[in-house]
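Protein chains in written order, with the numbering used here: chain A, 74 to 186; chain B, 12 to 118. The beta carbon of each residue, even a glycine, is placed where N, CA and C say it ideally should be. Just so we're clear, the structure is a prediction, and the values are computed from it rather than from any experiment.
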Amino acid sequence: EAGVAQSPRYKIIEKRQSVAFWCNPISGHATLYWYQQILGQGPKLLIQFQNNGVVDDSQLPKDRFSAERLKGVDSTLKIQPAKLEDSAVYLCASRGQLQETQYFGPGTRLLVL
Amino acid sequence: DAKTTQPTSMDCAEGRAANLPCNHSTISGNEYVYWYRQIHSQGPQYIIHGLKNNETNEMASLIITEDRKSSTLILPHATLRDTAVYYCIVLNEKLTFGTGTRLTIIP
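Below, the structure is given as structure tokens:
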């Protein structure tokens with residue numbers, strides 16, 4: 074089966090600009106996650122969706138980050154405006170209904186100049 | 012969340028078994044131990060998970076001590092492609108990644 078797809082793979086922007094990342098989970102997976110991974114650290118959960126509803130967004134910096142999953146399939150993560158410290162890899166993961174295992178996409182590497 | 016402790020880095024000779032330890036002394040009875048790895052510039056890859064019994068799949072074996080306070084991931088015949096950061100995680104509703112073990116396979 075196809076894995077988690079993410080785009081773009083790389084993005085370079087200047088600070089104060091906006092950026093959006095897209096994720097398409099594994100077909101049929103109801104739960105979707107966005108993680109942020111800063112260089113040298115493990116991934117950190119930003120937000121979790123169950124279908125099109127938010128389950129946990131406690132670690133999402135809501136003043137500049139937003140995410141949606143309107144139809145319960147694809148998801149978009151947006152940063153507006155970006156700061157230098159947002160430079161990181163943004164990972165999307167998904168999980169099936171009766172599983173605990175999360176499967177990750179390749180990530181989007183963001184560089185904010 | 013139950014914390015895990017892993018060595019920062021390890022080396023292993025190609026073709027030998029790589030044994031990666033993990034301590035999780037505060038694990039609760041219903042919490043699973045998960046292992047992921049992350050090869051450079053890729054997303055984390057699921058390897059294996061277990062609760063109480065030892066587990067084996069096509070990638071690795073997971074040995075969990077009887078008291079469940081520690082576990083060991085075994086890659087039976089390491090290859091250069093196994094060079095990666097390996098994360099041991101105790102699953103408590105969410106995956107909380109530490110900094111993992113950087114495993115380098117030496118030719």
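Using a Cβ cut-off of 8 Å, pull out every chain B residue sitting near Tyr-222 of chain A, in sequence order please.
-> For residue 222 of chain A there is no data in the structure shown, the boundaries of chain A being 74 and 186.
Taking contact to mean at least 3 C-beta pairs separated by less than 8 Å, is the region 57–73 of chain B in contact with the region 14–21 of chain B?
-> no
Bridge partners - His-60 of chain B, DSSP secondary structure assignment | B:Tyr-45
Ordered along the chain, which non-local residues of its own chain (more than five positions away) have a Cβ less than 6 Å from that of Arg-113 of chain B?
-> Ser-20 and Val-96
Residues within the region 116–144 of chain A neighbouring chain B, beta-carbon criterion of under 9 Å = Pro-116, Lys-117, Leu-118, Gln-121 and Asp-129
Short check: CB of Val-185 of chain A to CB of Lys-117 of chain A, under 8 Å?
-> no
Taking Cβ positions, are Gly-178 of chain A and Gln-109 of chain A nearer each other than 8 Å?
-> no
CB-CB under 6 Å to Phe-94 of chain A, same chain, minus the five flanking residues each way: which ones, in chain order?
-> Leu-150, Tyr-163 and Thr-181
In the DSSP assignment, find the unbroken beta strand (DSSP E) run with Ala-3 of chain B in it and report its ends.
-> In the structure as shown, chain B begins at 12 and stops at 118. Residue 3 of chain B is therefore absent and cannot be evaluated.
Three-state secondary structure (DSSP) of Asp-130 of chain A = coil
Taking a Cβ distance cut-off of 9 Å, strictly less, list which residues of the region 37–61 of chain B are near chain A, in chain order.
-> Tyr-43, Tyr-45, Tyr-47, Gln-49, Ser-52, Gln-53, Gly-54, Pro-55, Gln-56, Tyr-57 and His-60
If you measure from the beta carbon of Pro-179 of chain A to each beta carbon in chain B, is any gap under 8 Å?
-> yes
Comparing alpha-carbon positions, which option in A:Ser-131, A:Ser-160 and A:Gln-123 lies nearest Arg-142 of chain A?
-> A:Gln-123
DSSP on Glu-158 of chain A, reduced to helix/strand/coil?
-> helix
Take the Cβ of Leu-31 of chain B as the centre, count every other Cβ of all protein chains shown within 10 Å, and call the residue buried at 16 or more, exposed below.
-> buried
Partners in chain B for Gln-170 of chain A, counting only beta-carbon separations shorter than 9 Å = Simply none; closest approach about 15 Å.
Select from B:Tyr-43, B:Cys-99, B:Asp-78 and B:Leu-91 the residue whose C-alpha is nearest the C-alpha of Leu-84 of chain B.
-> B:Cys-99
What residues are listed by DSSP as bridge partners for Met-21 of chain B?
-> B:Leu-114
Identity of the residue in B:Val-101, B:Thr-37, B:Ile-116 and B:Thr-115 nearest Leu-62 of chain B by Cα | B:Val-101
Is it a yes or a no for the region 32–47 of chain B touching the region 121–138 of chain A, going by three-plus beta-carbon pairs under 8 Å?
-> no
What's the gap between the Cα of Gly-76 of chain A and the Cα of Ile-111 of chain A?
-> 23 Å
is_contact[Gln-109 of chain A, chain B] using C-beta, thresh 8 Å | no
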